[in-house]
Amino acid sequence: MKTLSSVWIVCLILCLVPVQALANENERSVSGVVSVGVKYDSNFDLLSEDMPANAEEDEEIEDAYITEITALLLFRSPWISPWHLELELYGLTNLHQQIDDSWCLGRGKLYIGYGFGENTISLLNEARYFSEPDDTEFDNFRNTAALVYKRVFSPLWQGRIGYENIMHLFPDNDFFNYMINGGFVELRNTWLPAFSTYYSYNYQYIQGSGEIDEASNAPEDGHRHTGEIGFELFFARKNSLIGAYTYQIDENDNPMPARIGEIQGEDENLEEEVEFNFVKHKGMLLYSHRFNDRFTLSLYNELIHKTFPKRDADLYPYPRERRDVLFLTSAWLTARLVGNAYGKIRYLYRMSESNIDMHDFQDHIIYLGLEYRL
Amino acid sequence: MFRHDRRFCFLLATLILLGIAVGTAAAGNEQERITAWQRWKDIGPAIALDPLDGPADILEKVEIIEDRVDELVKEKARLEKEIELNRQQLFILRNQRQTLQELSQIQPQGNSQTSQRLHDLTERINREENLLRIKNESIAGLRRELTHLQTLAAEYREKAKRLQREEGGTQ
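These protein sequence lines are chains D and F, in that order. First residue of the first sequence? That's 17 in the numbering used here, and the numbers climb one at a time after it. First residue of the second sequence? That's 4 in the numbering used here, and the numbers climb one at a time after it.
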């Protein structure tokens, strides 16, 4: 029986790996980007102008000059075969003038896909380590794994179903650790070759320590439902428009709204990754115009309306139900300077208007950078 | 219990293999369709010249060649149209991927659905590029065959005329 199993496994492997040693002419198997830039941030800590009178001295709005360095290395399988492999390594650091406020992020991503006809089974694993500014209290490691089956029903319709596991660990504070298990389904409809819409639903079950540390905690037991509809449109040969509306509801056994860590780090979006007990509506639009091979202009807008329901009046930390409206707009121009060297200039504005004044903020970011694409 | 698990694994592996075989066959059909003209009935024996062929026989063979030329011209037009569509599709897909790449950089890391869409798009681009390569190879071969047959038809016609003149001169 053991021999039969071994023969079977060998046959299985031999059947599944018919690789043609034929490189794809237009795709490079190894590519990468190295970039360095300077950034001005008008409100680095995203503080409100209406801080309470007893706020500490270091809770004043401060601007910052930051040096940003990023590196990306990507390996993509160059062979033509049912197997598809991608490995991505990414590093980002923001060096602040005050060294304590510097932060960095490292990420590794592995994708293995197997295509049979137009259908695909794939496994995606992404590991990320984020070192926050100030101290190591909220430094965290997160691993996201997803197993997805994609089926093409017809040239116009395709569906995707997947299982997802997210593990979030805080080395300095074990009680923030939590794990998410969930699944999602997505249906995509291609109306025209350049216009498609999609509809997705995602359910996540959250399990954490449940221990409370001030206002931060990982829930012992929580549920998150996410519904999204979106579209992708390409028109007049040079324009791309992607838009989506997302509705998300997060409920858990802790009746208080909770967040682990501060809103710091990557600034391109307003999503707060480690936040619980909320109802959120989000709309986003990304427009991109390619003037020619040299210049590309992109605009991104994000609007979020978030409510933190008052489930237990005694434990709720605010005098009334907290409601936040967050808005972000960003525009950037990318220009190919010489050969593979590119220049990038970006302006970003983000703000929060809350019915709890201390959660208001406004921030302007200007970035100027150079990148080299390998 | 363990034996049952093992049987279940074998059954599952067999089903996966079957699914893959069906899928691979479907992918193979597309490639076969593109190169279908190469498997048309060989007209070589039907158009081979015999030393005893007279002008009427040769012109009959010219007709066979011209019929095949007409079929090849239609196939060439169909392939050219498909290649043009493929190129447009690739242009759109590459731009979509670039925009989606920008979106994946903006969105919070770990949004696996955008990453999956990006990979799907990359795979689709690879597939379209592969199809385009096969179509380009197929149409290059088709053009060579067309030129060969048109040259042959012209030679046959010339030979038929010469034989007709010779027969006329003899009479």
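Virtual Cβ for every residue (Gly too), placed ideally from N, Cα, C.
DSSP places residue 104 (chain D) within a strand segment (E or B) once states are collapsed to three. Between residue 100 (chain D) and chain F, the shortest Cβ-Cβ separation is below 9 Å. Residues of the region 121–154 of chain D whose Cβ lies closer than 7 Å to any Cβ of chain F, in chain order: 123, 127, 129, 131, 132, 133, 135, 136, 138, 140, 142 and 144. Around the beta carbon of residue 93 (chain D), a 10 Å sphere encloses 16 or more other beta carbons of the protein chains shown; the residue is thus reported as buried.
Scanning its chain for C-beta atoms nearer than 7 Å, with the 5 sequence neighbours on each side dropped, one finds around residue 131 (chain F) the residues 89, 92, 93 and 96, in chain order. By the Cβ rule, the region 159–166 of chain D counts as touching the region 114–128 of chain F, because three or more pairs are nearer than 8 Å.
A check of alpha carbon separations from residue 80 (chain D) across D:331, D:90 and D:114 identifies D:114 as the nearest. Three or more Cβ pairs closer than 8 Å define a contact, and the region 257–276 of chain D meets that threshold against the region 291–311 of chain D. The shortest CA-to-CA distance from residue 367 (chain D) to any of D:284, D:331 and D:328 is the one to D:284.
Going by C-alpha positions, residue 42 (chain F) is about 14 Å away from residue 142 (chain F). Residues of the region 162–173 of chain D that bring their beta carbon within less than 7 Å of a beta carbon in chain F comprise 162, 164 and 166, in sequence order. The region 125–136 of chain D makes no contact with the region 152–159 of chain D, as fewer than three CB pairs between them are under 8 Å.
Cβ atoms of residue 173 (chain D) and residue 205 (chain D) come within 8 Å of each other, at about 6 Å.
Non-local beta-carbon contacts of residue 250 (chain D) in its own chain, meaning distances under 7 Å to residues more than five positions away in sequence, involve 210 and 256 in chain order. The beta carbon of residue 200 (chain D) sits closer than 7 Å to the beta carbons of 178, 180, 216, 217 and 218 from its chain, once the five residues preceding and following it are set aside; these are given in chain order. Considering only beta carbons, the part of the region 283–296 of chain D lying closer than 7 Å to chain F consists of 284, 285, 287 and 289, in chain order. Contact between residue 55 (chain D) and residue 381 (chain D) holds, since their C-beta atoms are separated by about 6 Å, short of 8 Å.
Per DSSP, residue 124 (chain D) lies in no alpha helix (DSSP H); the unbroken beta strand (DSSP E) holding it starts and ends at 119–132.
With fewer than 16 neighbouring CB atoms inside 10 Å of its own CB, residue 221 (chain D) falls in the exposed class. For residue 221 (chain D), the pairing in a beta bridge is given by DSSP as D:197 and D:239. Within the region 39–123 of chain F, the complete alpha helix (DSSP H) segments of 4 residues or longer fall at 47–50 and 58–109, listed in chain order. Secondary structure of residue 163 (chain F) (DSSP, three-state): helix. As computed with DSSP, residue 173 (chain D) is found in a beta bridge with D:205. Burial state of residue 60 (chain D) is buried, judged by a 10 Å Cβ sphere holding 16 or more other Cβ atoms. Between residue 385 (chain D) and residue 58 (chain D) the beta-carbon gap is near 18 Å, outside 8 Å, which marks them as no contact.
Its Cα nearest to that of residue 194 (chain D), the residue D:223 stands out among D:171, D:252 and D:223. Excluding residues up to 5 positions away in sequence, 256 and 314 lie with their Cβ nearer than 6 Å to the Cβ of residue 304 (chain D) in the same chain.
For residue 388 (chain D), the enclosing beta strand (DSSP E) begins and ends at 377–389.
Residue contact check for residue 123 (chain F) against chain D: a CB pair falls below 9 Å. Note on residue 234 (chain D): 16 or more other CB atoms within 10 angstroms of its CB, so buried under the neighbour-count rule. When 7 Å is used as the limit between beta carbons, residue 352 (chain D) is near no residue of chain F, the shortest such separation being about 13 Å. For secondary structure counted as the beta strand (DSSP E) over 3 or more consecutive residues, the region 311–389 of chain D holds these complete runs in sequence order: 311–324, 338–354, 357–370 and 377–389. Boundaries of the beta strand (DSSP E) around residue 142 (chain D): 135–147. Contact between residue 247 (chain D) and residue 270 (chain D) is ruled out by a C-beta separation of about 36 Å, above the 8 Å threshold. DSSP, reduced to helix, strand and coil, places residue 172 (chain F) within a helical segment of the structure shown. Remark: C-beta atoms of residue 185 (chain D) and residue 157 (chain D) approach each other more closely than 9 Å.
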